[in-house]
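K.L.:
Numbering (our numbering), first residue to last: 1 to 566.
1. Taking residue 171 as the reference, give the member of 393, 412, 266 and 397 with the closest Cα.
2. Take residue 110 as the anchor and find which of 501, 453, 336 and 406 has the nearest alpha-carbon.
3. State the Cα-Cα distance for the pair residue 413 and residue 48, rounded to the nearest angstrom.
4. With distances taken from CA atoms, which of 425, 98 and 464 is nearest residue 452?
5. Is there a Cβ of chain B sitting closer than 9 Å to that of residue 449, yes or no?
6. For the beta strand (DSSP E) containing residue 267, name the first residue and the last one.
7. Taking residue 139 as part of the beta strand (DSSP E), name the residues at either end of that continuous run.
8. Nearest CA to the CA of residue 366: which residue from 233, 225, 503 and 45?
9. Measuring alpha carbon to alpha carbon, tell me which of 461, 448 and 421 ends up nearest residue 37.
10. Do residue 262 and residue 232 have their CB atoms nearer than 9 Å?
11. With a 10 Å radius around its C-beta and 16 neighbouring C-beta atoms as the bar for buried, classify residue 56 as buried or exposed.
12. Go ahead and label residue 98 buried or exposed: buried means 16 or more other beta carbons lie within 10 angstroms of its beta carbon, across all protein chains shown.
13. According to the neighbour-count rule (16 or more other Cβ atoms, all chains shown, within 10 Å of its Cβ), is residue 462 buried or exposed?
14. Helix or strand or just coil, what does DSSP make of residue 566?
15. In three-state terms, what does DSSP make of residue 70?
16. So, at 7 Å on beta carbons, what are the nonlocal neighbours of residue 300 in its own chain, with the 5 sequence-adjacent residues on each side left out?
17. Which residue spans inside the stretch 184-248 form an unbroken beta strand (DSSP E) run of at least 3?
18. Look up residue 369 in the DSSP assignment and say whether it is helix, strand or coil.
19. If we call anything under 9 Å between Cβ atoms a contact, is residue 197 one with residue 235?
20. Would residue 220 be called buried (16 or more neighbouring beta carbons within 10 Å of its own) or exposed?
21. Report the three-state DSSP secondary structure of residue 59 (helix, strand or coil).
22. Tell me which residue opens and which closes the beta strand (DSSP E) that residue 504 is part of.
23. What number of angstroms, rounded off, separates the C-alpha of residue 52 from the C-alpha of residue 448?
24. Quick one: using the 10 Å Cβ neighbour count with 16 as the cut-off for buried, is residue 43 buried or exposed?
25. Within the continuous alpha helix (DSSP H) that includes residue 105, where are the two ends?
26. Keeping to the same chain, check which residues put their C-beta closer than 7 Å to that of residue 304; ignore five residues upstream and five downstream.
27. Assuming residue 602 and residue 416 form a contact by the criterion Cβ under 8 Å, report the distance between their Cβ atoms to the nearest whole angstrom.
28. Is residue 395 buried or exposed, if buried means 16 or more other CB atoms sit within 10 Å of its CB?
29. Going straight from the alpha carbon of residue 58 to that of residue 289, what length do you get?
30. Give, in chain order, every unbroken run of the alpha helix (DSSP H) that is at least 4 residues long and sits entirely within the stretch 355-439.
31. Mark residue 179 as exposed unless 16 or more other C-beta atoms lie within 10 angstroms of its C-beta, in which case mark it buried.
32. Is the beta carbon of residue 347 sitting closer than 9 Å to the one on residue 100?
33. Among 216, 404 and 368, which has the Cα closest to the Cα of residue 340?
34. Buried or exposed for residue 438, going by 16 or more other Cβ atoms inside 10 Å?
35. Can you look up residue 343 in the DSSP assignment and give me helix, strand or coil?
36. Taking the alpha-carbon positions, what's the residue 355 to residue 163 distance?
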């Protein structure tokens with residue numbers, strides 16, 4: 001039998017091979033904090049984009065718009081107070097929100113036309129591959145082969161080449177390692193044929209030339225919005241045989257990881273293979289497919305034959321440029337101009353939910369996200385304070401009729417969206433200092449984010465309106481794709497995907513907060529100075545009083561801390 005692809009400790013659990021991970025389980029702390037966030041943290045805003053998408057989805061199950069005999073009853077949290085008489089300030093806020101919504105509609109159109117999750121193609125010339133693994137030895141050039149294209153009829157020479165490729169892939173598969181997968185929820189690496197049936201050759205057992213790496217890097221920069229240099233690193237050779245498959249999943253997140261690049265080594269299957277965004281992608285020699293690591297993809301069950309690809313990881317090597325650079329194509333420059341034109345008109349406060357998911361500690365963003373973040377920062381300079389932070393977006397929906405005779409009678413819908421900050425401080429508090437028995441929420445100050453204390457009711461907009469963003473859990477819970485990666489690395493904080501957002505605030509909020517903190521500091525210094533003078537004048541008698549005062553302050557401080565954490 002083939003070897004297991006990792007030397008980590010293994011255990012048998014209900015027929016599933018589990019490779020236990022050693023070290024500090026930072027990722028498990030993140031997951032535990034995620035489960036507590038919507039119960040313990042104070043929300044900083046809502047997401048009207050997601051709210052609208054949820055409402056549209058619920059209405060699709062209800063009576064038709066022209067149905068005269070049934071009505072829809074709405075009870076939305078976001079619209080709960082809209083019926084009361086608005087103050088002048090509330091009217092101004094409503095007008096600002098409406099203007100921002102119109103601008104985000106334009107931004108959505110730009111994103112939809114210029115943002116892409118994946119790209120495919122063929123190399124224009126052969127590349128050399130050397131494999132040293134016993135039983136898989138190979139040292140030859142691989143030539144691009146487009147005979148898998150449907151519109152081309154195969155010749156006798158093509159069929160002979162396919163037979164040679166089939167024989168080679170079969171031998172590689174026979175002698176390769178069994179592939180595991182990472183269960184992100186449990187943070188262990190498992191081998192389970194119901195989730196993944198595949199084999200692999202590790203990077204230490206094959207080599208490619210530097211020239212191929214440069215070609216891979218250039219293809220990535222050509223296909224996706226430019227703005228930073230990238231580095232391609234060989235990862236593994238993935239092999240699938242008859243019946244092979246891999247359930248829908250995301251690739252394992254990693255700091256500065258921008259994407260995955262798959263280079264085909266041959267595909268002799270009748271059906272099945274890589275599937276991204278509903279598109280079936282073959283692995284013919286010299287073919288390639290590139291995509292962002294958080295994009296859902298799967299390998300559907302193969303019917304006969306084999307397929308193999310070299311997987312490269314694409315890493316960011318420099319910060320995204322905030323201004324147009326030499327690497328910007330004419331198209332990219334035009335997209336950047338259109339984004340900046342819209343962003344310059346937005347009025348703070350507002351938030352933007354980024355399209356892709358990232359690991360904790362991310363400061364640079366990929367694709368359209370990176371372009372958007374840079375545009376907001378550039379256009380807000382001197383006017384607004386711009387923050388990027390991980391967030392938790394909690395949403396729920398209830399819809400339907402209580403009637404058993406008429407499913408449209410008094411058809412009611414209700415939905416709610418809430419956005420919570422999820423910084424390192426919030427994660428730490430939710431793991432170590434939260435009171436599970438208390439119903440009270442935790443202050444942001446207690447989590448080390450005092451600047452968030454006055455932030456509430458911010459409208460967070462999403463420019464990606466795909467099912468993947470608007471309804472991420474409905475399908476993922478069925479397919480466990482939110483819990484499956486290539487490998488689990490529980491000791492790293494960047495092994496769990498998080499949603500990120502931009503939070504744009506008026507300068508006044510930050511200034512007022514700073515002035516308050518500065519004033520508090522000056523008062524504290526004056527009190528300390530008065531106490532020192534009193535101690536010098538009153539001597540030992542005052543010293544005794546001071547001890548009693550310190551004791552009272554300690555007790556008061558403990559009560560205050562208990563109240564804050566409760």
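Yeah, the Cβ is synthetic: ideal placement off N, Cα and C, and Gly gets one too. Owing to the predicted nature of the structure, the values given are computational and were not obtained by experimental measurement.
P.N.:
By the coordinates alone:
1. Nearest of 393, 412, 266 and 397 to residue 171, Cα basis: 266.
2. Per the Cα distances, 336.
3. Their Cα atoms are separated by approximately 16 Å.
4. Comparing alpha-carbon positions, the option among 425, 98 and 464 lying closest to residue 452 turns out to be 425.
5. Going by chain labels, chain B is absent from the structure shown, which holds only one protein chain.
6. Run containing residue 267: 257-267, per the beta strand (DSSP E) assignment.
7. It spans 138-142 - the beta strand (DSSP E) in which residue 139 sits, taken as one unbroken run.
8. For the set 233, 225, 503 and 45, the Cα lying nearest the Cα of residue 366 is the one of 225.
9. Of 461, 448 and 421, the residue nearest in Cα terms is 421.
10. No, the Cβ-Cβ distance between residue 262 and residue 232 is not below 9 Å.
11. So residue 56 ends up on the exposed side.
12. Residue 98 should be labelled exposed.
13. Buried, since its Cβ has 16 or more Cβ neighbours within 10 Å.
14. Note that residue 566 scores 31 on pLDDT, short of 50, meaning its location in the model is unreliable; the coordinates nonetheless yield the value given after this. Residue state, collapsed to three classes: coil.
15. In the structure shown, residue 70 sits in coil (DSSP, three-state: anything other than H, G, I, E or B).
16. 245, 272, 273 and 275, listed in sequence order.
17. The stretch 184-248 contains these whole beta strand (DSSP E) runs: 188-191, 199-202, 206-208 and 230-240.
18. In the structure shown, residue 369 sits in a helix (DSSP, three-state: H, G or I).
19. No, Cβ-Cβ distance for residue 197 and residue 235 is not below 9 Å.
20. Answer is buried; the Cβ neighbour count reaches 16.
21. DSSP places residue 59 in helix when its eight states are reduced to three.
22. Residue 504: member of the beta strand (DSSP E) spanning 498-506, first to last residue.
23. Roughly 33 Å between the two C-alpha positions.
24. Under the 10 Å beta carbon count, residue 43 is surrounded by 16 or more other beta carbons and is classified as buried.
25. Its alpha helix (DSSP H) spans residues 88-114.
26. Correct list, in chain order: 242, 269 and 270.
27. Any property of residue 602 remains undetermined from this structure, which presents the chain solely from 1 to 566.
28. Label assigned to residue 395: buried.
29. Rounded to the nearest whole angstrom, the C-alpha separation of residue 58 and residue 289 is 36 Å.
30. Within the stretch 355-439, the complete alpha helix (DSSP H) runs of at least 4 residues are 367-380 and 424-432.
31. With 16 or more other Cβ atoms within 10 Å, it is buried.
32. Less than 9 Å separates the beta-carbon of residue 347 from that of residue 100.
33. Out of 216, 404 and 368, 368 has the C-alpha closest to the C-alpha of residue 340.
34. Using a 10 angstroms sphere on the CB of residue 438, the tally of other CB atoms stays under 16, which defines it as exposed.
35. DSSP places residue 343 in helix when its eight states are reduced to three.
36. The alpha-carbon atoms of residue 355 and residue 163 are separated by roughly 43 Å.
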